[in-house]
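Numbered according to this note's numbering, the sequence shown spans residues 1130 to 1573.
All C-beta atoms in this analysis are idealised placements derived from N, C-alpha and C, irrespective of residue type, glycine included.
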Amino acid sequence: MQLNSSDSEHQAHMKKVLSPLMLWGLGVGYVISGMYFGWNLGLKEGGTLGLALATILVILLYTCFSFSYAELACAIPKAGGVFDYATKAFGNQIGFIAGLAQMIEFIFAPPAIAFGIGAYFNLFFPDIPILWISLSAYFIFTALNIYGIKAAATFELWITIIAVVEILIFAGVTLPHFKWANMQQNAWPNGWYGVVASLPFAIWFFLGIEGLANVAEEAKNPQKDIQRGFGSALFTLVILCVLVFFAAIGVGGWEAIVFKNGLSGETSDSPLPLAMGQIVGTNSLLFHLLLTVGLFGLIASFHGLILAAGRSTYEFGLKGFAPQFLGKLHPKFLTPANALFVNMGIGIAALLTNKTAEIITVSVMGALTLYFIAMLSLLQLRRNAPNLARPFSVPGYPWTPLIALVLSGASFLLIAYNNSNLFFIYAGIILICLLFFKLFFPKK
């Protein structure tokens, strides 16, 4: 099989329908589930202070990365994201590794979120198994993404707005009951080791914002609107992250939003309801409102990441780095239906393992690999392609991408060291797929 090197070989083209507001909705929507669940598992590892320090580092990482990545997305507005940037900068092999890491992030994040959807929904209907709810979500939102990008992005925008409003309501109810003493309870249980161990869960606060680059081909004016989408989405997410962190922990301490019984034992995928329940009780209207709207936040990220994953897998097939059927668009809806179906199958397989924390960690490894290679690509293209049209240039170059490069590389090494078994699984996936690529998808 030969590599396709030109967009002229498209049999059909994606529709340019995304407005700046829709891009903001996608950018926030990809990530907002991280405010509703997952991050609280980092408190078990690092306590309040350990997770706080990890989160500060992560905010710096994402600020530098997002503006740097926006330069690449505006200069090379392709559905493959980092896959296209790294291929242009370093060639096919590095491009393949970058694209595969991106796919691992986007394909493994949704099953972790599906667990959260099942956990929230199960609070309403405890007789329905969490797994059934999670599987149903996969089929419903894969179908919506196949139906069309405009419908998918419009849906994403509305549920994202609802999810943001709900976090503001949550903060308005809980912050009047904030006590600094609750933030200090067992705040440093594992010392500096806890900072390292909580890094994947701090990254979960922001994981997925890079998916904006994967819809660049479908933006009305990608050269201008993509960087606006990154900037506005990141600003919104930082505000929400800080609000959720203080509002949830400040009510009754971190143990109360990590463990279902408030002290120890089984961990929870629904920290915000646990915090709200301490104030208004579990039978109040506000509590049930939080549960209902909390589902919207989880669905926003679940749906958005399925969308981004479909685009990254589609680009792999289109350019001949994977079976060509993955690079075909649906003849009627002009969406990457084949890629979406394959991603759903892999995601369901991960879902069946029933290991939320481990799936989050593998997804984070993929993300950090993406960030590291993307920053190297930016630096390389500045040297080797100085005449490349750059409608947006990252401020503070070269320090901004260099900070993101160092932080992403260091975070990956620390997480890999602390999760050696998962690292070997992740590295094994990369190596096996790279070998398969070199054997069956040779370069021209």
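Simplified DSSP state of residue i, which is helix, strand or coil
i       : result
Phe1388 : strand
Leu1434 : helix
Leu1147 : strand
His1139 : Because the pLDDT at His1139 is just 43, under 50, the model does not fix this residue reliably, and the point stays unresolved.
Ala1348 : strand
Thr1396 : strand
Tyr1526 : coil
Ser1413 : coil
Arg1519 : coil
Phe1257 : Here residue 1257 turns out to be Ile, not Phe, going by the sequence shown. Coil, per DSSP.
Asn1343 : helix
Leu1458 : coil
Trp1287 : helix
Gly1426 : helix
Ala1316 : coil
Ala1451 : coil
Pro1206 : coil
Pro1465 : coil
Gly1176 : helix
Ala1514 : coil
Gly1167 : coil
Phe1569 : helix
Presumed contact (8 Å Cβ cut-off) between residue i and residue j, rounded CB distance
i       : j       : result
Leu1424 : Phe1244 : Contact doesn't hold; Cβ gap of about 13 Å is too wide.
Ala1101 : Thr1177 : In the structure as shown, the chain starts at 1130 and stops at 1573, and residue 1101 therefore has no counterpart that could be examined.
Asn1550 : Thr1490 : Contact flag wrong, Cβ pair sits at about 10 Å.
Ser1522 : Glu1200 : 6 Å
Val1325 : Leu1543 : 5 Å
CB of residue i within 8 Å of CB of residue j, strictly
i       : j       : result
Ala1479 : Pro1240 : yes
Asn1169 : Pro1400 : yes
Ser1537 : Leu1190 : yes
Phe1196 : Phe1450 : no
Val1187 : Val1293 : no
Gly1337 : Val1160 : yes
Leu1419 : Phe1299 : yes
Ala1496 : Glu1234 : yes
Asn1343 : Gly1247 : no
Glu1339 : Ile1278 : no
Leu1341 : Leu1155 : yes
Leu1372 : Ile1296 : yes
Gly1171 : Ala1331 : yes
Ser1327 : Glu1444 : no
Ile1262 : Val1422 : no
Leu1427 : Ser1162 : yes
Leu1363 : Thr1192 : yes
Leu1455 : Ala1438 : no
Residue i, buried or exposed, once every other Cβ within 10 Å from all chains shown has been counted against 16
i       : result
Ala1466 : buried
Trp1153 : buried
Ser1492 : buried
Asp1354 : buried
Ile1561 : exposed
Phe1566 : buried
Asp1398 : buried
Tyr1546 : exposed
Leu1568 : exposed
Asn1483 : exposed
Pro1351 : buried
Trp1333 : buried
Leu1481 : exposed
Ile1288 : buried
Phe1553 : exposed
Lys1448 : buried
Leu1436 : buried
Gly1557 : exposed
Gly1224 : buried
Ser1540 : buried
Asn1513 : exposed
Ala1208 : buried
Asn1516 : exposed
Gly1446 : buried
CB contact check: residue i to chain B, cutoff 8 Å
i       : result
Leu1403 : Absent from the structure: chain B. Only one protein chain is present.
Distance cut-off 7 Å: residue i Cβ against heavy atoms of the ligand FAD
i       : result
Ala1282 : Among the ligands in the structure shown, none appear at all, so the ligand FAD cannot be discussed.
Legend entry - Contact between the region 1526-1545 and the region 1229-1241 (3+ Cβ pairs under 8 Å): Because the criterion of three Cβ pairs below 8 Å is not met, the region 1526-1545 and the region 1229-1241 do not touch.
Inset, instruction - Assess, as a yes-or-no matter, whether the region 1200-1211 is touched by the region 1405-1416 under the definition of 3 or more beta carbon pairs within less than 8 Å. - result: Between the region 1405-1416 and the region 1200-1211, the count of C-beta pairs closer than 8 Å stays below three; the two stretches do not touch.
Inset, instruction - Taking 8 Å as the threshold, find out whether the region 1265-1273 comes into contact with the region 1428-1436 through three or more Cβ pairs. - result: Yes: the two stretches touch, three or more of their Cβ pairs being nearer than 8 Å.
Legend entry - Any 3 or more C-beta pairs closer than 8 Å across the region 1470-1484 and the region 1378-1385: Output reads no: the region 1378-1385 does not touch the region 1470-1484.
Inset, instruction - Assess, as a yes-or-no matter, whether the region 1369-1376 is touched by the region 1296-1305 under the definition of 3 or more beta carbon pairs within less than 8 Å. - result: Touching, per the Cβ criterion.
Inset, instruction - Examine the Cβ distances between the region 1206-1221 and the region 1494-1509 and report whether three or more of them are shorter than 8 Å. - result: The region 1206-1221 is in contact with the region 1494-1509.
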